[in-house]
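Position one of the sequence shown corresponds to residue 1 (full-length UniProt numbering), numbered consecutively onward.
Encoded as structure tokens, the structure appears first; notes follow it.
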Amino acid sequence: MNALEVSALGAAPYGPPLLHGIDFRLASGEVLGLIGPNGAGKSSLLHCLAGGVGTSGGSIRLAGRELRDWPREARARALAMQTQHASLNFPFTVAEVIQLGRIPHASGRAADRAILEEVLAATDTAALRERRYTQLSGGERQRVQLARAVAQVWRAQDAPTRLLLLDEPSAALDPAHQHMVLDVVARVAAEGCAVVIASHDFNLLAARADHLLVMQDGAQVACGEPATVLTPALFTAVFGIQVQILSHPVSQRPLVVQL
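Right, dumping it as structure tokens:
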């Protein structure tokens, strides 16, 4: 059974359609990358998948069940999202913010404490644990919000199917922490969590995603393996730029070089 099935999805919560004709399948442990120009609908799609934006057509199935039919608490145990611009103005410590991701689970204080330590280490936020979230830099907040979302699906034994949604997780991060994002995604995927990532970093997605979905004006332009989707013709048509597609010298995955 697929972890996530999206069929002919449409969304028009404010009048004009934000999304139309989105269709893909994602198995447990697979990573889907979303790419497209600004305003293409990537964030809107993620919010639809999280249940925050209503659909106007089609369906979203999580573990074979319509997303709208999931009880709220069960959905929160199975699904987590890192938003692009998280708003949190309370002076929580970093550890407290990350532990918010454990609220849906009845895993117990000892298990949650162990998960906190593991996630702090995985996201390089251990040194920030006692800092106030409101005093952090933009990049530090980004890492903490990633950690909070990851904690929500980390070793979630009460959620057989898990889905992690990430909206520009590497934005404002230095190169070392961009690589950390890839490591975290690889780790949760290896443990059976399906992951959907929206990013403008083509090479970050090409390095880790099993599939890429290209969006333009709220519609799906292409979907498939990175080596198939990433072509010079696609970049010209969708982004209006010229690129050369090389092979990464280590991973052999596509490497996009803008001309």
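Glycine included, C-beta positions come from ideal geometry on N, C-alpha and C.
For residue i, three-class secondary structure by DSSP
i, result
"residue 61", "strand"
"residue 240", "coil"
"residue 246", "strand"
"residue 180", "helix"
"residue 228", "helix"
"residue 7", "strand"
"residue 201", "coil"
"residue 174", "coil"
"residue 255", "strand"
"residue 66", "strand"
"residue 191", "coil"
"residue 47", "helix"
"residue 103", "coil"
"residue 139", "helix"
"residue 124", "coil"
"residue 186", "helix"
"residue 113", "helix"
"residue 40", "coil"
"residue 152", "helix"
"residue 88", "coil"
"residue 157", "coil"
"residue 206", "helix"
"residue 27", "coil"
"residue 144", "helix"
"residue 53", "coil"
Bridge partner(s) assigned by DSSP for residue i
i, result
"residue 216", "219"
"residue 22", "9"
"residue 167", "198"
"residue 82", "166"
"residue 33", "197, 212"
"residue 93", "132"
Contact belief for residue i with residue j at Cβ below 8 angstroms, rounded distance in angstroms
i, j, result
"residue 146", "residue 169", "5 angstroms"
"residue 144", "residue 184", "Actually they are not in contact, since the Cβ atoms of residue 144 and residue 184 sit about 13 angstroms apart, beyond 8 angstroms."
"residue 196", "residue 32", "5 angstroms"
"residue 245", "residue 231", "7 angstroms"
"residue 210", "residue 30", "5 angstroms"
"residue 26", "residue 81", "About 15 angstroms separates the two Cβ atoms, so there is no contact after all."
"residue 227", "residue 254", "6 angstroms"
"residue 229", "residue 243", "Between residue 243 and residue 229 the Cβ distance is about 13 angstroms, and since that is not below 8 angstroms, they are no contact."
"residue 12", "residue 56", "4 angstroms"
"residue 69", "residue 105", "In fact, because the Cβ distance is near 21 angstroms, the residues do not count as touching under 8 angstroms."
Nearest-angstrom Cα separation, counted from residue j out to residue i
i, j, result
"residue 237", "residue 36", "11 angstroms"
"residue 89", "residue 134", "6 angstroms"
"residue 132", "residue 180", "22 angstroms"
"residue 2", "residue 233", "31 angstroms"
"residue 14", "residue 23", "22 angstroms"
"residue 28", "residue 72", "21 angstroms"
"residue 52", "residue 67", "11 angstroms"
"residue 149", "residue 49", "15 angstroms"
"residue 225", "residue 208", "11 angstroms"
"residue 5", "residue 47", "15 angstroms"
"residue 103", "residue 171", "26 angstroms"
"residue 65", "residue 74", "12 angstroms"
"residue 107", "residue 45", "30 angstroms"
"residue 139", "residue 79", "24 angstroms"
"residue 162", "residue 182", "18 angstroms"
"residue 269", "residue 235", "There is no way to answer for residue 269, as the model of the chain reaches only from 1 to 259."
"residue 200", "residue 247", "19 angstroms"
"residue 114", "residue 99", "11 angstroms"
"residue 239", "residue 187", "31 angstroms"
"residue 214", "residue 198", "10 angstroms"
"residue 251", "residue 91", "42 angstroms"
"residue 96", "residue 109", "13 angstroms"
Residue-chain proximity (residue i, chain D), Cβ-Cβ < 7 angstroms
i, result
"residue 40", "Here chain D cannot be found, since the structure has a single protein chain."
Cβ contact check for the segment 138 to 156 and the segment 182 to 196: 3 or more pairs under 8 angstroms: In short, these stretches touch, since the Cβ pair count reaches three.
Meets three-Cβ-pair contact criterion under 8 angstroms: the segment 171 to 178 and the segment 17 to 35: They do not touch, by the three-pair rule.
Meets three-Cβ-pair contact criterion under 8 angstroms: the segment 211 to 218 and the segment 35 to 47: Taking a contact to require three or more Cβ pairs closer than 8 angstroms, the segment 211 to 218 and the segment 35 to 47 qualify as touching.
Contact between the segment 200 to 211 and the segment 109 to 118 (3+ Cβ pairs under 8 angstroms): Touching, no, given that fewer than three Cβ pairs across the two stretches are closer than 8 angstroms.
Three-pair Cβ contact test at 8 angstroms for the segment 53 to 67 versus the segment 120 to 129: Taking 8 angstroms as the limit for Cβ pairs, the verdict is that the segment 120 to 129 does not touch the segment 53 to 67.
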